[in-house]
DNA sequence: ACGAGTTGGTTCGGTATGCGAACCTTGTGG
DNA sequence: CCACAAGGTTCGCATACCGAACCAACTCGT
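Given below as structure tokens:
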């Protein structure tokens, strides 16, 4: 399974591996749409604004990558819809992080909001080990490669 | 500032806005490299594996977008290095979320690790309001647009 | 002083990828 | 019988991307 990282340029890193799967123009928007309840091709098409052929190709790749699952719901005519797998659902924190960044640095009013328990989520990244908020005070540890000296 | 969201296809959304800025093949890898201490052009080049011309263009765009800051450190020859702005530092949670996803679904051993307080970070997204972990139980609330019915 | 090497890029030509528009197949409604 | 919708595929063009070469300014070795 580590083979996904082979063949990528640059530092060997699971960020690069993740971006290789979902780092293109449409993949994360597709995940957003499906997570919002858009399961049919035409709904995802409208929601993302992607070109039809691009979307068809990307849906196939996301299914191959195990992010989406394709479920036929009609034989004649052949029709399927798309659902998130476990891996797809695990992308929600990425979307939330991107959304929070976009809210802060791109838009002045967030057009899509995430809620639970009746209130809007404003979330932080918290370390499972010590319970502390992560963000500042993080040292990056690179096992067996040079870290360029800070100029 | 909300103008960044205009002109984008699909649902008006700060995720799309964020992806419009950092959603290409190299941007987030550049942020990763700079956050790891690679500030010079050639260091970022090595770390990302991007083609030179692509990298030059992307660095310029990230500077324009306010994610990076370019600091001249020599007049003759003209030389600059690159540093994260506040907005750039605010992308670290996105990188952490991507890394965690990549660790779980792409690589079997993470080649780059984030540490603080001497232990490896395995973090969760926690709601600031109620302190609960986010992921399941999230309702998506879309203010003034149709939510496609769940099939 | 002279050539090789480093840094931080730009230019060039070919290829891959993305794009909008048109088309296709199966089924439904009038 | 015709129009229309869903879920794509095919086509031709435009852009983006890529590796390699080039370049200007300086430094280092001799």
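Chains as they are written, first to last, in the working numbering: chain Z, 17 to 167; chain F, 17 to 167.
In this text, a Cβ means the ideal position worked out from N, Cα and C, and glycines have one as well.
This one's a predicted model, so the numbers in the text were calculated from it and none came from an experiment.
8 Å contact criterion, which residue i and residue j should meet: CB distance rounded
i: residue 65(Z); j: residue 25(F); result: 2 Å
i: residue 61(Z); j: residue 42(Z); result: Between residue 42(Z) and residue 61(Z) the Cβ distance is about 11 Å, and since that is not below 8 Å, they are no contact.
i: residue 36(Z); j: residue 120(F); result: With a Cβ gap of about 15 Å, residue 36(Z) and residue 120(F) do not count as contacting.
i: residue 31(Z); j: residue 75(F); result: Not a contact, Cβ separation roughly 18 Å.
i: residue 46(Z); j: residue 110(F); result: Rounded, the Cβ-Cβ distance is 18 Å, inconsistent with contact.
Bridge partner(s) assigned by DSSP for residue i
i: residue 88(F); result: 96(F)
Where residue i sits in the DSSP three-state scheme
i: residue 109(F); result: helix
i: residue 70(Z); result: helix
i: residue 60(F); result: helix
i: residue 34(Z); result: helix
i: residue 28(Z); result: coil
i: residue 75(F); result: helix
i: residue 23(F); result: coil
i: residue 44(F); result: helix
i: residue 121(F); result: helix
i: residue 103(F); result: helix
i: residue 83(Z); result: coil
i: residue 114(Z); result: helix
Interface partners of residue i on chain Z, CB under 8 Å
i: residue 50(F); result: What residue 50(F) touches in chain Z: nothing, since even the nearest Cβ is about 10 Å away.
i: residue 68(F); result: Near residue 68(F) there are no residues of chain Z at all, since even the closest Cβ is about 12 Å away, more than 8 Å.
Interface partners of residue i on chain F, CB under 7 Å
i: residue 22(Z); result: Those do not exist, as residue 22(Z) stays about 10 Å from chain F at its closest Cβ, beyond 7 Å.
i: residue 88(Z); result: The premise fails here: residue 88(Z) is roughly 12 Å from chain F at the closest Cβ pair, so nothing lies under 7 Å.
Neighbourhood of residue i by C-beta, 7 Å cutoff - its chain only, sequence neighbours within 5 removed
i: residue 108(F); result: 51
i: residue 68(F); result: 61
i: residue 96(F); result: 86, 87, 88 and 89
i: residue 23(F); result: none
i: residue 73(Z); result: none
Cβ neighbours of residue i in the same chain (closer than 8 Å, five flanking residues each side left out)
i: residue 101(Z); result: 82, 83, 84 and 85
i: residue 94(F); result: 88
i: residue 49(Z); result: 59, 60, 63 and 64
Neighbouring residues, chain F, relative to residue i (Cβ below 9 Å)
i: residue 110(Z); result: 110, 113, 114, 116 and 117
i: residue 93(Z); result: Neighbours of residue 93(Z) on chain F: none; closest Cβ ~16 Å, over 9 Å.
Under 8 Å by beta carbon: chain F residues contacting residue i
i: residue 107(Z); result: 117
i: residue 44(Z); result: 31, 35 and 39
i: residue 74(Z); result: Result: empty, since nearest Cβ-Cβ is about 13 Å, beyond 8 Å.
Proximal residues of chain Z, C-beta to C-beta of residue i below 7 Å
i: residue 103(F); result: 121
Contact set for residue i: own chain, Cβ-Cβ below 6 Å, skip 5 residues either direction
i: residue 21(Z); result: 28 and 33
i: residue 77(Z); result: none
i: residue 56(Z); result: 97
i: residue 54(F); result: 60 and 63
i: residue 38(F); result: 44
i: residue 103(F); result: 82 and 83
i: residue 79(F); result: 86
i: residue 40(Z); result: none
Residue i CB to nearest heavy atom of the ligand ATP below 7 Å
i: residue 108(F); result: Absent from the structure shown: the ligand ATP. Ligands present: none.
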